[in-house]
C-alpha cells in the first residue's frame, strides 16, 4: 500500500516536487481556476506543491486536500499556511475509501497521483462517486517515454527506462500521460479533453535548463540509481555515462523535451 | 545529389505530402503571415503543398518558390495556379547555389527540406547570404523520434527506426526537429525561437486519426517497407506486426503523439 504513494517520503523527493511545481506552475496550472464558493477536492496532495498554486489561483474556492501520508499532509499544511492561504482544509484519507457522500464536490483535482497506482481506473471510479453531476475532474500526469533530447544517447535512454521499470515494479505506470484519454473514458467520464503540455528546453531558456532538465528530470533519474544498481538493471559504468549524456543535453547546443498531459472531463 | 530531395518523386509521396499539409495546415502554418509587398523565398517548395498555404495566408506578399526538381516544380505551379493564386513565381535551383544577389529577400521559408540534406548548416549559411539584415527565416521540420503511442509496441518502434535508418542512409536526418535551435545558432542567425507543434491524437479526434495517424504517419512508414526488407533491417513478420500495432493505436482506446518543430530566427 505504501508503495502507491512513493512521492513525498524523502527530503530529496520533497525538494524535487517543489522545484518541479514552481518551475512548471505556469505551464501546468495557469488555466485551472475555480469560481468562488466551489468545493474542490485535491486527491493526493502530497507535500502541497500543487495545493499552494490551487489556493493562490482560486482564492474564493474552498479546497479539501487529502493524502494517504500523515507526514506529507503536515508538510503540505505548513506550506499552505506559511503562504498565508486559509482556503484549504487537510484530511488523511485513502482515495479508494474516501468518507464523503455521493456528489459531494463541485470539482476534483489530481496531479502526479495516478502514475503511482496499480488500478487507476478504480481510483477514477471511486472519485467519480463523490463528484457532483456536471462537475469537472482535472488530472495531470507526466510520461517518461515522452522524453527525448539532443544529442541522442542510448545510455541516457536506458537510465530513463530504469525509472520506468522501477515504477512498474512498484505497481505504478510512468507512461500514463498518453493514456489519460482511455482511462477517463473507461471510468465513465464525459466531455474528455486532453491538453498536452510540452516542456521544450534549449540554451536560450536557462531557467528551464536549470529548473527543469537538471533539477527536475535528471535529478529524478539520478534518484533511482541505488535501486537500479541493486536490481542490476544496468551496469554502473553505463549508468554513469547515461547521466553524463543527459547533462550533455543542457549545454549550449543541446535540447531536451518532455511532455505532461492535462486531462479535463465531466461527470 | 538526387537523394537529397526524396520527396515529391512518386505519386504516393505526392498524395501524402498534400494530405499532410491539408490536415496540418492550421497547426503548422496559421501563424506564418507576411506583410504585403514583401519578397519571400520558399526554398525547396517540392510539389507546392506548403506553397498554396503561404500564398493564401499572405496574398499581398510576393513569393519565389525554388526546387531542385523540375517535375516537382511543374506540379507545384499547376497546384498554385489551380487555386487561383498569382503571387508565386517558380524557379528551378539548388539551395547551395542560388543565383540571387546578397540580401535579396525580406524573408525565407523552408518546410521539410533540411531533413533531406547531409549538410543542413551549409544550406542555412547559403540561404543567410541572400536574406536581408533584419529579415526572418522560418524552418519547419518533423522528428520521427518524437513519435509515441498507446498501446506501446516494440515492433512498431522498430518500423519507425527503419525509417530513421533509411533516411540516414540517404544522407538525411529524420531526428532533425529537436536540433533546429543549434543548427540555426551555428549558422549565424539571431533571435532564434523554437516553437514545437505537437499533434496529439485520440479517438475524440477522428479527423486526425484518419488524416494524421493513418494517412500521414503510418502511410509514411509503410512507404519504406520494400526498402527496409531489401536492406534486411527487420524480419517481414515483425514489420507486419509493427504496422498492425500502429493501426491498433487508432482504435477507440489508442493515442498517438508526434511533434513538428517550427523555428523562426533573424539575420
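Protein chains in written order, with my numbering: chain A, 1 to 267; chain B, 1001 to 1267.
All C-beta atoms in this analysis are idealised placements derived from N, C-alpha and C, irrespective of residue type, glycine included.
**Request:** Check the DSSP bridge columns for residue 89 of chain A and list the partner residues they point to.
**Result:** Residue pairing by DSSP places residue 89 of chain A opposite A:64 in a beta bridge.
**Asked** On the premise that residue 110 of chain A lies in contact with residue 66 of chain A, defined as a C-beta separation below 8 Å, what is that separation, rounded to the nearest angstrom?
**Response** In fact, because the Cβ distance is near 10 Å, the residues do not count as touching under 8 Å.
**Prompt:** Quick one: which chain B residues come within Cβ less than 9 Å of residue 53 of chain A?
**Reply:** The contacting residues do not exist; residue 53 of chain A stays about 23 Å from chain B at best.
**Asked** For residue 1049 of chain B, which of B:1239, B:1081 and B:1122 has the nearest alpha-carbon?
**Response** B:1081
**Message:** For residue 1021 of chain B, which residues in the same chain have their Cβ closer than 7 Å to its Cβ, ignoring the five residues on either side in sequence?
**Reply:** For residue 1021 of chain B, the pLDDT reaches just 43, beneath the cut-off of 50, and the residue's location in the model is therefore unreliable, although a value from the coordinates is still provided. Closer than 7 Å at Cβ, skipping near neighbours: 1049, 1050 and 1053.
**Nearest-angstrom Cβ-Cβ length linking residue 1117 of chain B and residue 1123 of chain B, presumed shorter than 8 Å** = 5 Å
**Asked** Does the stretch 1242-1250 of chain B touch the stretch 1150-1157 of chain B, meaning 3 or more C-beta pairs lie closer than 8 Å?
**Response** The stretch 1150-1157 of chain B is in contact with the stretch 1242-1250 of chain B.
**Asked** From the beta carbon of residue 1152 of chain B, is the nearest beta carbon of chain A less than 8 Å away?
**Response** Under the 8 Å criterion on CB atoms, residue 1152 of chain B is classed as interfacial with respect to chain A.
**Asked** Name the residues in the stretch 243-266 of chain A whose C-beta lies less than 9 Å from a C-beta of chain B; which are they?
**Response** 252, 253, 254, 255, 256, 257, 259 and 261
**Asked** Looking only at C-alpha atoms, which of A:135, A:255 and A:105 sits nearest to residue 206 of chain A?
**Response** A:255
**Prompt:** Listing by chain order, which chain A residues have their CB less than 8 Å from the CB of residue 1189 of chain B?
**Reply:** Near residue 1189 of chain B there are no residues of chain A at all, since even the closest Cβ is about 12 Å away, more than 8 Å.
**Prompt:** Are residue 1217 of chain B and residue 1147 of chain B touching if we call contact CB-CB under 8 Å?
**Reply:** yes
**Asked** What is the rounded straight-line gap between the Cα of residue 1026 of chain B and the Cα of residue 226 of chain A?
**Response** Their Cα atoms are separated by approximately 47 Å.
**Item:** Residues sharing a beta bridge with residue 39 of chain A, DSSP
**Value:** Answer by DSSP bridge pairing, in chain order: A:62.
**Asked** Tell me the DSSP bridge mates of residue 1265 of chain B?
**Response** B:1137
**Request:** Name the two residues that bound the continuous beta strand (DSSP E) containing residue 198 of chain A.
**Result:** 190-202 is the span of the beta strand (DSSP E), which, as asked, contains residue 198 of chain A.
**Length-filtered (3 minimum) beta strand (DSSP E) runs lying within the stretch 1096-1163 of chain B** = 1105-1111, 1131-1141 and 1148-1150
**Request:** Please list the partners that residue 202 of chain A has in chain B, where partner means a Cβ-to-Cβ separation under 7 Å.
**Result:** 1181 and 1194
**Prompt:** Is it true that the CB of residue 259 of chain A sits closer than 8 Å to the CB of residue 196 of chain A?
**Reply:** yes
**Message:** Give me the subset of the stretch 200-233 of chain A whose CB atoms are less than 8 Å from a CB atom of chain B, sorted by chain position.
**Reply:** 200, 202, 203 and 204
**Request:** Give me whichever residues DSSP pairs with residue 1257 of chain B in a beta bridge.
**Result:** B:1148 and B:1200
**Item:** Listed by chain order, chain B residues near residue 178 of chain A by CB distance under 8 Å
**Value:** 1148, 1149, 1150, 1255 and 1257
**Prompt:** Quick one, which of A:127, A:222, A:143 and A:75 has its alpha-carbon nearest residue 94 of chain A's?
**Reply:** A:127
**Where the alpha helix (DSSP H) through residue 1241 of chain B begins and ends** = 1236-1248
**Request:** Report yes or no: is there a C-beta of chain B within less than 8 Å of the C-beta of residue 185 of chain A?
**Result:** yes
**Request:** Measure from the C-beta of residue 46 of chain A to each C-beta in chain B and report whether the shortest distance is under 8 Å.
**Result:** no
**Asked** So which of A:120, A:83, A:221 and A:213 has the shortest CA-CA distance to residue 180 of chain A?
**Response** If we check each option's Cα against that of residue 180 of chain A, A:120 comes out closest.
**Item:** Range covered by the alpha helix (DSSP H) that runs through residue 1075 of chain B
**Value:** 1070-1082
**Prompt:** In chain A, which residues lie with their C-beta within 9 Å of the C-beta of residue 1175 of chain B?
**Reply:** 148, 150 and 152
**Request:** For residue 1182 of chain B, count neighbouring C-beta atoms within 10 Å of its own C-beta (all shown protein chains included) and say buried if the count is 16 or more, exposed if not.
**Result:** buried
**Prompt:** Of all the options B:1030, B:1043 and B:1251, which has the alpha carbon lying nearest to the alpha carbon of residue 1076 of chain B?
**Reply:** Here the closest residue by C-alpha is B:1043.
**Request:** Check whether the Cβ of residue 171 of chain A lies closer than 8 Å to any Cβ atom in chain B.
**Result:** no
**Asked** Hey, how far is the Cα of residue 56 of chain A from the Cα of residue 1072 of chain B?
**Response** 56 Å
**Message:** Helix, strand or coil for residue 1046 of chain B? Go by DSSP, reduced to three states.
**Reply:** Coil at residue 1046 of chain B, not helix or strand.
**Request:** Using a cut-off of 9 Å between C-beta atoms, extract the partners of residue 142 of chain A located in chain B.
**Result:** Within chain B, no residue comes near residue 142 of chain A; the closest Cβ sits about 13 Å away, beyond 9 Å.
**Asked** So which residues on chain B does residue 84 of chain A lean against when the C-beta distance must stay under 7 Å?
**Response** Those within 7 Å of residue 84 of chain A in chain B number zero; the least Cβ separation is about 37 Å.
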